[in-house]
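Protein chains in written order, with the numbering used here: chain Z, 1 to 157; chain W, 1 to 157. Heads up, the beta-carbon is just placed ideally off N, CA and C, and yes, glycines get one too. From a predicted model like this one, the values you see are computed outputs, not experimental measurements. Just below is one structure, and these are the notes that go with it.
Protein chains: 2
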Amino acid sequence: MDARDLLPMGEISRRSGFAASAIRYYEAEGLIEAHRSGGGQRRFERSVLRRLAFIRAASNVGLTIEEIREELERLPGNRTPTKADWQRISRHWGRRLDEQIAALQRLRNGLDGCIGCGCLSLRSCAFSNPDDVHGERGSGARLLPDSLRRPHPTRRP
Amino acid sequence: MDARDLLPMGEISRRSGFAASAIRYYEAEGLIEAHRSGGGQRRFERSVLRRLAFIRAASNVGLTIEEIREELERLPGNRTPTKADWQRISRHWGRRLDEQIAALQRLRNGLDGCIGCGCLSLRSCAFSNPDDVHGERGSGARLLPDSLRRPHPTRRP
DNA sequence: CTTCAAGTTGAAGTGAACTTGAGTTCAAGG
DNA sequence: CCTTGAACTCAAGTTCACTTCAACTTGAAG
Numbered sequence: 001m002d003a004r005d006l007l008p009m010g011e012i013s014r015r016s017g018f019a020a021s022a023i024r025y026y027e028a029e030g031l032i033e034a035h036r037s038g039g040g041q042r043r044f045e046r047s048v049l050r051r052l053a054f055i056r057a058a059s060n061v062g063l064t065i066e067e068i069r070e071e072l073e074r075l076p077g078n079r080t081p082t083k084a085d086w087q088r089i090s091r092h093w094g095r096r097l098d099e100q101i102a103a104l105q106r107l108r109n110g111l112d113g114c115i116g117c118g119c120l121s122l123r124s125c126a127f128s129n130p131d132d133v134h135g136e137r138g139s140g141a142r143l144l145p146d147s148l149r150r151p152h153p154t155r156r157p
Numbered sequence: 001m002d003a004r005d006l007l008p009m010g011e012i013s014r015r016s017g018f019a020a021s022a023i024r025y026y027e028a029e030g031l032i033e034a035h036r037s038g039g040g041q042r043r044f045e046r047s048v049l050r051r052l053a054f055i056r057a058a059s060n061v062g063l064t065i066e067e068i069r070e071e072l073e074r075l076p077g078n079r080t081p082t083k084a085d086w087q088r089i090s091r092h093w094g095r096r097l098d099e100q101i102a103a104l105q106r107l108r109n110g111l112d113g114c115i116g117c118g119c120l121s122l123r124s125c126a127f128s129n130p131d132d133v134h135g136e137r138g139s140g141a142r143l144l145p146d147s148l149r150r151p152h153p154t155r156r157p
């Protein structure tokens with residue numbers, strides 16, 4: 001906890017690749033913590049870089065801030081994730097990715113089946129009608145889970 | 001063009017599965033067209049149902065409104081897509097889906113490689129660091145294209 | 001002491017794809 | 001004519017993950 005081990009905003013930003021505004025946002029959201037200098041400037045512990053790496057990885061997998069917070073809260077304190085922690089987490093993320101891949105493949109297969117048929121029927125074409133909006137509501141597996149329904153562009157700095 | 005062939009809002013909404021507000025939005029955006037009754041209410045041609053099915057399919061594939069508009073504009077008039085139209089379009093969408101699938105698989109493989117390593121290193125872990133933010137900027141294929149960076153929740157009615 | 005890059009805050013803005021609300025009018029049945 | 005439900009318009013709100021802005025203050029170097 002030597003003061004020389006505390007890094008200022010600019011350094012954390014440069015080394016993590018996150019914009020300063022994003023880092024402030026994560027602090028406000030409780031994903032990371034910061035000490036303060038005499039004058040009120042943020043001073044970060046080195047471990048924050050690791051947390052930010054975790055945040056970036058999680059957000060690449062598609063987790064929301066809320067979900068990332070939950071994962072982080074299961075790592076008590078600021079402890080470095082143990083092997084067991086990381087295995088639990090990566091199993092979790094892996095399942096999530098598998099679902100997303102499977103969903104896209106179902107959609108892809110539907111597309112293959114449709115090529116050339118030109119139907120796009122509101123009643124029967126599973127491709128244009130993945131929720132089974134019309135009949136019975138019998139509902140099989142939907143082609144796409146909500147988590148893949150639409151991408152949202154986030155400009156990185 | 002018999003008047004009995006023109007459908008009112010509620011019917012189009014029910015049969016397409018889109019909320020009335022969404023249908024008005026699509027009209028405002030120029031994706032569909034509507035006639036008007038004497039009193040100013042919308043009256044839709046039957047072909048609009050087909051267009052809406054197309055819109056739903058496209059949006060399941062992840063196209064933006066803008067992109068959907070472009071695809072629709074390449075179908076002159078309100079013509080029903082020909083076999084050739086649909087083949088061109090589905091090749092296009094298929095490529096897009098393939099890219100998305102491949103991207104998720106790259107990410108998934110990265111995760112597999114990381115399981116148990118616990119590294120999440122800012123310098124070298126490709127999983128938490130897919131943009132190669134730090135070094136060289138040599139940049140290989142990024143793990144995730146922007147189109148999969150983050151899902152954005154849209155409540156369907 | 002001066003200078004100025006780097007840091008601070010809180011509020012407001014962004015973009016996509018809609019939804020909601022308020023207030024009004026239409027159309028069909030009785 | 002009256003009622004009722006469906007439809008209308010236009011503006012504003014929603015969500016998420018940030019960014020941008022305006023208006024200062026800090027802190028390290030010279």
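Alpha carbon of residue i to alpha carbon of residue j, nearest angstrom
{"i": "threonine 82 (chain W)", "j": "leucine 75 (chain Z)", "result": "56 Å"}
{"i": "isoleucine 55 (chain W)", "j": "isoleucine 68 (chain W)", "result": "7 Å"}
{"i": "histidine 92 (chain Z)", "j": "glutamate 99 (chain Z)", "result": "11 Å"}
{"i": "glycine 110 (chain W)", "j": "arginine 14 (chain W)", "result": "44 Å"}
{"i": "serine 37 (chain W)", "j": "arginine 88 (chain W)", "result": "37 Å"}
{"i": "arginine 96 (chain W)", "j": "alanine 103 (chain Z)", "result": "14 Å"}
{"i": "leucine 122 (chain W)", "j": "glutamine 105 (chain Z)", "result": "Residue placement at leucine 122 (chain W) is flagged as unreliable, the pLDDT there being 45, under the threshold of 50; a coordinate-derived value is accordingly withheld."}
{"i": "glutamine 41 (chain W)", "j": "glycine 62 (chain Z)", "result": "42 Å"}
{"i": "glutamate 60 (chain W)", "j": "alanine 84 (chain Z)", "result": "Note on residue identity: the sequence assigns asparagine, not glutamate, to residue 60 (chain W). For asparagine 60 (chain W) and alanine 84 (chain Z), the distance between alpha carbons rounds to 37 Å."}
{"i": "isoleucine 12 (chain W)", "j": "tryptophan 86 (chain W)", "result": "23 Å"}
{"i": "glycine 10 (chain W)", "j": "alanine 20 (chain W)", "result": "7 Å"}
{"i": "glycine 30 (chain Z)", "j": "proline 8 (chain W)", "result": "50 Å"}
{"i": "glutamate 27 (chain Z)", "j": "glycine 94 (chain Z)", "result": "27 Å"}
{"i": "aspartate 158 (chain W)", "j": "glutamate 73 (chain W)", "result": "An answer regarding residue 158 (chain W) cannot be provided, because it is not within the stretch 1 to 157 covered by chain W."}
{"i": "tyrosine 25 (chain W)", "j": "tyrosine 25 (chain Z)", "result": "33 Å"}
Chain W residues whose Cβ lies nearer than 8 Å to that of residue i
{"i": "arginine 108 (chain Z)", "result": "Gly94, Leu97, Asp98 and Ile101"}
For residue i, three-class secondary structure by DSSP
{"i": "aspartate 132 (chain Z)", "result": "Confidence at aspartate 132 (chain Z) is low in this model, with a pLDDT of 39, below 50, so its placement is unreliable and no value can be given for it."}
{"i": "phenylalanine 18 (chain W)", "result": "coil"}
{"i": "arginine 36 (chain Z)", "result": "strand"}
{"i": "leucine 7 (chain W)", "result": "strand"}
{"i": "arginine 56 (chain W)", "result": "helix"}
{"i": "arginine 74 (chain W)", "result": "coil"}
{"i": "arginine 228 (chain W)", "result": "Because residue 228 (chain W) is not part of the residues shown, which for chain W are 1 to 157, the question remains open."}
{"i": "arginine 51 (chain W)", "result": "helix"}
{"i": "arginine 24 (chain W)", "result": "helix"}
{"i": "arginine 88 (chain W)", "result": "helix"}
{"i": "arginine 46 (chain W)", "result": "coil"}
{"i": "glutamine 105 (chain Z)", "result": "helix"}
{"i": "leucine 63 (chain Z)", "result": "coil"}
{"i": "leucine 111 (chain Z)", "result": "helix"}
{"i": "serine 124 (chain Z)", "result": "Bear in mind that a pLDDT of 49 at serine 124 (chain Z), under 50, signals an unreliable position, so the model cannot answer this."}
{"i": "glutamine 41 (chain W)", "result": "coil"}
Cβ distance (whole Å) where residue i is taken to contact residue j below 8 Å
{"i": "leucine 165 (chain Z)", "j": "serine 16 (chain Z)", "result": "No answer is possible for residue 165 (chain Z): it lies beyond the span of chain Z, which begins at 1 and ends at 157."}
{"i": "aspartate 5 (chain Z)", "j": "arginine 50 (chain Z)", "result": "Rounded, the Cβ-Cβ distance is 14 Å, inconsistent with contact."}
{"i": "isoleucine 32 (chain W)", "j": "valine 48 (chain W)", "result": "5 Å"}
{"i": "alanine 34 (chain W)", "j": "phenylalanine 44 (chain W)", "result": "5 Å"}
{"i": "arginine 108 (chain Z)", "j": "isoleucine 101 (chain W)", "result": "7 Å"}
{"i": "glutamate 71 (chain W)", "j": "alanine 58 (chain W)", "result": "6 Å"}
Under 8 Å from the C-beta of residue i: neighbouring residues of chain Z
{"i": "leucine 104 (chain W)", "result": "Leu97, Gln100, Ile101 and Leu104"}
{"i": "valine 48 (chain W)", "result": "In chain order: nothing, as chain Z lies at least about 11 Å away."}
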